[in-house]
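One point on numbering: in the UniProt record's numbering, the residue at position 164 of the sequence shown is 164, and numbering is uninterrupted.
The C-beta atom is built at its ideal place from N, Cα and C for all residues, glycine as well.
Model, not experiment: these values are computed from the prediction.
Working notes, beginning with the structure itself.
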Amino acid sequence: MSSIKKLKSGNWQSQVYLGKDPETGKAIREYKTFTRKRDAKKWARKMELQADQGIVVQTNMTVKDLLLKWFEEYAVVQTEKTTHDRYEIILKTHLIPALGHINLKELSPAHIRVYLQKKRKDGRKDGKEGGLSEATLLKHYKKLKQALSFAVRNRYIAANPADPVESPKIDRRRNNTIVTLTKEEISKLLDVAKEDDPLLHDFIYLAVHTGMRKSELLGLEWDNVDFENKKIRVRQALVGEKGNGSVLRESTKTANSNRNIDITDEIVEVLKKRKEKQKEFKEFLGDNYHDEYNLVFCKEDGEKYYPDRYNVRYAELRDKAGLDKEKTLHTLRHTHASILLQLNEHPKIVQERLGHASITQTMDTYSHLIPTLQAEAAEKASKFLDA
């Protein structure tokens with residue numbers, strides 16, 4: 001239902017009833033002023049059509065309102081704590097200060113383009129001068145687009161204003177930040193760990209031989225180690241939460257994170273020795289041992305580790321082994337993947353072992369580490385065709 005009236009100024013005001021706000025139950029009326037009557041009528045018809053399609057334009061909803069609503073109703077529910085903590089930083093440090101004041105229905109592709117341009121030029125918030133990288137801008141763009149898609153699904157707006165905006169592009173050949181360990185560096189690291197910290201030695205050994213995430217190894221229970229069939233079942237992860245310490249979560253990072261990983265006789269032997277060592281601690285501590293967690297990698301009394309503590313301890317051993325600081329704990333996972341690909345293992349197998357969401361993710365992440373793959377493929381094709 002709409003009405004149009006002429007104002008004293010000579011302009012035309014269009015008023016449209018758009019239904020009721022699904023949350024407050026209050027009537028939603030939209031007003032807009034035009035210099036020409038036909039423009040007022042045209043706008044009124046457009047708004048009524050949207051209302052007929054079930055699109056509820058929330059006149060008072062700002063971009064900030066939407067981002068916070070999306071964060072609470074989607075991000076917090078659908079992602080791991082560590083993941084939505086990163087989302088929250090993007091929202092509260094960048095997106096909301098820059099775009100939060102804009103009325104949602106007024107947000108345009110131009111607003112988003114200007115946001116990206118400004119952040120590219122001068123977007124750092126760490127006290128240093130300069131702009132954000134394309135990789136970081138892509139994360140901002142994706143989060144904003146996801147929130148706006150949420151708004152479309154909930155019929156707050158008719159279309160996603162981020163759709164026409166070209167996303168930031170990453171040249172993976174030039175923006176490669178992934179590093180790996182050489183065979184010699186692995187041996188050096190394991191030698192130092194064996195002397196200084198046998199538990200971390202076993203952790204490093206499994207990480208580089210299985211490609212499991214730190215959180216997955218710290219969350220690994222003995223019940224999920226199948227010695228007979230030589231498999232590890234990845235079913236949970238140990239994550240750190242502010243105020244809650246370390247928390248075991250059944251759902252791991254992606255849908256494919258829950259997986260079975262084949263292991264070798266050598267890994268089985270390492271795990272059996274680890275279990276024997278734990279048995280000694282159990283017998284020594286008796287009732288003071290925390291047997292309820294049944295974790296493979298835990299403190300001497302069976303209690304859970306706080307994940308960040310492993311980063312600190314690993315860094316100490318890495319420095320003692322004389323390795324570069326860029327060789328982080330996560331480098332062990334990258335190393336496992338790159339070794340398999342260098343040995344011409346099928347990318348699908350690598351994806352399955354790592355628990356990546358898709359094979360595309362695996363290849364986008366690691367294919368540039370093996371510059372000889374394309375040359376080898378070309379050579380194989382030529383030999384086949386010319387034979």
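Quiz prompt | CA-to-CA distance, Leu199 to Asp324, given in whole angstroms | solution = Taking the first residue of the sequence shown as position 1, residue 324 is located at position 324. Taking the first residue of the sequence shown as position 1, residue 199 is located at position 199. Each residue's alpha carbon lies about 22 Å from the other.
Quiz item: If you count every other CB in all the chains shown that lies within 10 Å of the CB of Arg309, and 16 or more means buried, which is it?
Solution: As a first step, residue 309 is located in the sequence shown; it is residue number 309 there, counting from the start. It counts as exposed.
Quiz item: Quick one, which of Glu129, Thr362, Phe34 and Glu30 has its alpha-carbon nearest residue 391's?
Solution: Residue 391 is absent from the model: the chain starts at 1 and stops at 387.
Quiz item: Quick one, are the C-beta atoms of Thr210 and Ile261 less than 8 Å apart?
Solution: Reading the sequence shown from its first residue, position 210 is the one you call residue 210. Reading the sequence shown from its first residue, position 261 is the one you call residue 261. Contact flag set, yes.
Practice problem: Alpha carbon to alpha carbon, how far is Glu300 from Gln146? Give it in angstroms, no decimals. | Solution: In the sequence shown, the residue the question calls residue 146 occupies position 146. In the sequence shown, the residue the question calls residue 300 occupies position 300. Straight-line Cα distance between these residues: approximately 44 Å.
Self-check item: Ile112 versus Lys32: straight-line alpha-carbon distance, rounded
Solution: Walking along the sequence shown from the start, residue 112 turns up at place 112. Walking along the sequence shown from the start, residue 32 turns up at place 32. So the alpha carbons of these two residues sit roughly 24 Å apart.
Quiz item: Are there three or more Cβ pairs, one per stretch, closer than 8 Å when the stretch 113 to 127 is compared with the stretch 68 to 77?
Solution: no
Quiz item: Which first and last residues belong to the beta strand (DSSP E) in which Lys183 is found?
Solution: Counted from its first residue, the sequence shown places residue 183 at position 183. No beta strand (DSSP E) contains Lys183, which is instead part of the alpha helix (DSSP H) from Lys183 to Asp196.
Exercise. Kindly list the residues whose CB is nearer than 8 Å to the CB of Gly100, restricted to its own chain and excluding five residues on each side of it in sequence; keep chain order.
Key: Translated into positions along the sequence shown, residue 100 becomes position 100. Here the set comprises Thr62, Val63, Lys64 and Leu67.
Exercise. Pick helix, strand or coil for Tyr17, following the three-state DSSP scheme.
Key: Looking up residue 17 in the sequence shown gives position 17. Strand, per DSSP.
Practice problem: For Glu376, count neighbouring C-beta atoms within 10 Å of its own C-beta (all shown protein chains included) and say buried if the count is 16 or more, exposed if not. | Solution: Position 376 of the sequence shown holds residue 376. Exposed, since its Cβ has fewer than 16 Cβ neighbours within 10 Å.
Quiz prompt | Val165 beta carbon near the ligand ZN (any heavy atom closer than 7 Å) | solution = Absence of the ligand ZN is noted for the structure shown, with no ligands found whatsoever.
Quiz item: Around the Cβ of Ser167, are there at least 16 other Cβ atoms within 10 angstroms (buried) or fewer (exposed)?
Solution: Start at 1 with the first residue of the sequence shown, and residue 167 comes out as number 167. Exposed, because fewer than 16 other Cβ atoms sit within 10 Å of the Cβ of Ser167.
Exercise. Out of Arg38, Tyr156, Leu271 and Asn160, state which residue places its alpha-carbon closest to the alpha-carbon of Lys143.
Key: The residue you call residue 143 lines up with position 143 of the sequence shown. When each option's Cα is compared against that of Lys143, the closest is Asn160.
Quiz prompt | Beta-carbon proximity list for Tyr366, same chain, < 7 Å, skipping 5 on both sides | solution = For this step, residue 366 is matched to residue 366 along the sequence shown. Within the same chain, Tyr366 has close Cβ partners Ala337, Ser338 and Leu341.
Quiz prompt | Test item: CB-CB of Thr331 and Leu181 under 8 Å | solution = By 1-based counting over the sequence shown, the position of residue 331 is 331. By 1-based counting over the sequence shown, the position of residue 181 is 181. Cβ distance < 8 Å, so Thr331 and Leu181 count as in contact.
Quiz item: Would you call His201 buried or exposed, if buried means 16 or more other Cβ atoms sit within 10 Å of its Cβ?
Solution: Residue mapping note: residue 201 aligns to position 201 of the sequence shown, counting from 1. So His201 counts as buried.
Quiz item: Can you tell me whether His346 is buried or exposed, with buried defined as 16 or more other CB within 10 angstroms of its CB?
Solution: Along the sequence shown, one-based indexing puts residue 346 at 346. It is exposed - the Cβ of His346 has fewer than 16 other Cβ atoms within 10 Å.
Quiz prompt | Alpha-carbon to alpha-carbon, Thr328 and Tyr314 | solution = On the sequence shown, position 314 is the one that residue 314 refers to. On the sequence shown, position 328 is the one that residue 328 refers to. Taking the straight line joining both Cα atoms gives about 8 Å.
Quiz item: Can you name, in chain order, every residue of its own chain whose Cβ lies under 7 Å from the Cβ of Arg274, other than the five neighbours on each side?
Solution: Locating residue 274 in the sequence shown gives position 274, counting from the first residue. Asp202 and Val296, listed in sequence order.
Self-check item: Straight-line gap, Trp43 to Glu30 (C-alpha atoms, nearest Å)
Solution: Sequence index remark: in the sequence shown, residue 43 carries index 43 (1-based). Sequence index remark: in the sequence shown, residue 30 carries index 30 (1-based). Each residue's Cα considered, the two are about 11 Å apart.
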